[in-house]
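*Asks:*
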Ligand code: TRP
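In the working numbering, the protein residues as written are 3 to 449.
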């Protein structure tokens, strides 16, 4: 099958667009807050550059050498047992399951963009009421925005790699970088900046638990978009002769930079106005709006650009969550891109409606299984089970299945002296770390 190619800068922006998402701006600051700050950030950074880098390079390699959709690339590269290994490629379903809740969260962000134009909540408790009213009772509003996200994402993916995904990223990524940059610079002028810096970069090792280690590994996967063929599928459209190591490092550097800048900026605002850094998932939807209120008119402006940045980050990640399945449907069943996009879109759209009902007060009981709502299940199953499994599979595949010579031929030149270190990490350290994560991640990333 002929796949349209990214331009080089288009690929970097698209892969960075995939990586930089709600995970960076919404989730990273609150899990750093909950896990005591500095020590957690330190572990997270090590994990990202050791395990994250190893797996990203492996995932890119499968797509780049395989040149097909996720299933086809495994088939293409497995020397033996092709029919067995190709099942690995079904990990692209994970993206649609993530989209079930991801789309709803982007919808909340759209709603908060609109709210930025009106009066902001005058206290944390008012802000909490506003947010709770939205997710627990306002099914109509959420459905409206969920539908909008479905339409935007489907339309972009239907336009393909070049005309849709690359273009979206070329527009939204600079917007995102610009806004985070401006808000960060403003934050550096406030007195709370020192406390934020101290909180993020002064490790207090006593705060570090085994749970936070596991959280760090799980989050490294989520934030770098690893384990479900987003990066693999994008890399299948890389121009020949691209440098995979350089690309991975740039994507990881951008992703880390945005997470750290967003974290510093949020904590500065929170310290400046006396809010709590450990507030949890409600941090950007509850604590932050109350902080914006304190800033007066400037607060409305900041609220607007902040949620626009968050929506940009979310949308560029969303298309990367859907594209692997679309590529698969096209490659395997010869579907038109339009139909493939529509089917994939409808999958997360319809299940998303169930997720939406599952967190409402009125219908929640019909869609709660065990102690978790359907929303929480989608979130938990992907982050704790499906992504680590996908990552483990790709690490094992590149580390032990693809012929050594083939991997070496491509990467020895790019990695130089670091080649053996990377290969060893991928073969042994990553699988062991991932098995530990799978056994322990229970209960992280719940809303
Ligand atoms: N990385 C994105 C974030 O931080 C989410 C995301 C996009 C993702 N594609 C993915 C997560 C693939 C795991 C796998 O929000």
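Here a beta-carbon is modelled for each residue, glycine too, at the ideal position from N, C-alpha and C.
Small disclaimer: the values here were computed from a predicted structure and weren't measured.
1. Since residue 375 sits in a beta bridge, which residues does DSSP pair it with?
2. Would you kindly report the start and end of the unbroken alpha helix (DSSP H) that includes residue 333?
3. Which residues in the same chain as residue 319 place their Cβ atom closer than 8 Å to its Cβ, once the five residues preceding and following it in sequence are excluded?
4. Can you look up residue 82 in the DSSP assignment and give me helix, strand or coil?
5. Is residue 343 closer than 9 Å to residue 168 when the C-beta atoms are compared?
6. Leaving out the 5 sequence neighbours to the left and right, which residues in its chain are closer than 6 Å to residue 93 when beta-carbon positions are compared?
7. Rounded to whole angstroms, what is the Cα-Cα separation between residue 209 and residue 118?
8. From 64, 310, 266, 216, pick the residue whose C-alpha is nearest to that of residue 234; which is it?
9. Out of curiosity, what's the CA-to-CA distance linking residue 172 and residue 263?
10. Would you check if the distance between the CB atom of residue 408 and the CB atom of residue 67 is smaller than 9 Å?
11. Please classify residue 224: is it buried, with 16 or more other beta-carbons within 10 angstroms of its beta-carbon, or exposed?
12. Since residue 265 is in the alpha helix (DSSP H), which residue starts that stretch and which ends it?
13. Under a three-way DSSP split, which group does residue 415 fall into?
14. For the stretch 268–285 against the stretch 195–211, do three or more pairs of beta-carbon atoms, one drawn from each stretch, fall closer than 8 Å, so that the two count as touching?
15. Considering only the beta carbon of each residue, do residue 291 and residue 139 sit closer than 9 Å?
16. So, with DSSP's three-state summary, where would you put residue 202?
17. What I want to know is whether the C-beta of residue 340 ends up closer than 8 Å to one or more non-hydrogen atoms of ligand 2.
18. Assess, as a yes-or-no matter, whether the stretch 143–157 is touched by the stretch 105–116 under the definition of 3 or more beta carbon pairs within less than 8 Å.
19. Under three-state DSSP, which class holds residue 211?
20. What's the C-alpha gap between residue 429 and residue 255?
21. Report the rounded CA-to-CA distance for residue 388 versus residue 96, giving the unit in angstroms.
22. Can you give me the Cβ contacts of residue 362 inside the same chain, cut-off strictly under 8 Å, excluding the 5 residues immediately before and after it?
23. Does any heavy atom of ligand 1 sit closer than 8 Å to the C-beta of residue 315?
24. Quick one: what does DSSP say residue 230 is sitting in, helix, strand or coil?
25. Below 8 Å CB to CB, which residues in the same chain sit around residue 252 once its five sequence neighbours on both sides are set aside?
26. Who are the Cβ neighbours of residue 445 in its own chain at under 7 Å, not counting the five residues just before and after it?
27. Secondary structure at residue 7, three-state DSSP: helix, strand or coil?
28. With 16 other CB atoms within 10 Å as the buried threshold, where does residue 248 fall?
29. Select from 202, 285, 308 the residue whose C-alpha is nearest the C-alpha of residue 40.
30. Between the alpha carbons of residue 449 and residue 377, how many angstroms are there, rounded?
*Replies:* Taking the coordinates as given:
1. 370
2. 299–335
3. 19, 20, 21, 22, 23, 24, 25, 104, 227
4. coil
5. no
6. 230, 231, 392
7. 36 Å
8. 64
9. 21 Å
10. yes
11. buried
12. 246–274
13. helix
14. yes
15. no
16. helix
17. Although ligand 2 was asked about, the structure shown includes only ligand 1 as ligands.
18. yes
19. coil
20. 24 Å
21. 6 Å
22. 137, 138, 139, 141
23. yes
24. coil
25. 14, 18
26. Bear in mind that a pLDDT of 49 at residue 445, under 50, signals an unreliable position, so the model cannot answer this.
27. coil
28. exposed
29. 202
30. Note that residue 449 scores a pLDDT of 34, beneath 50, so its modelled location is shaky and nothing firm can be said.
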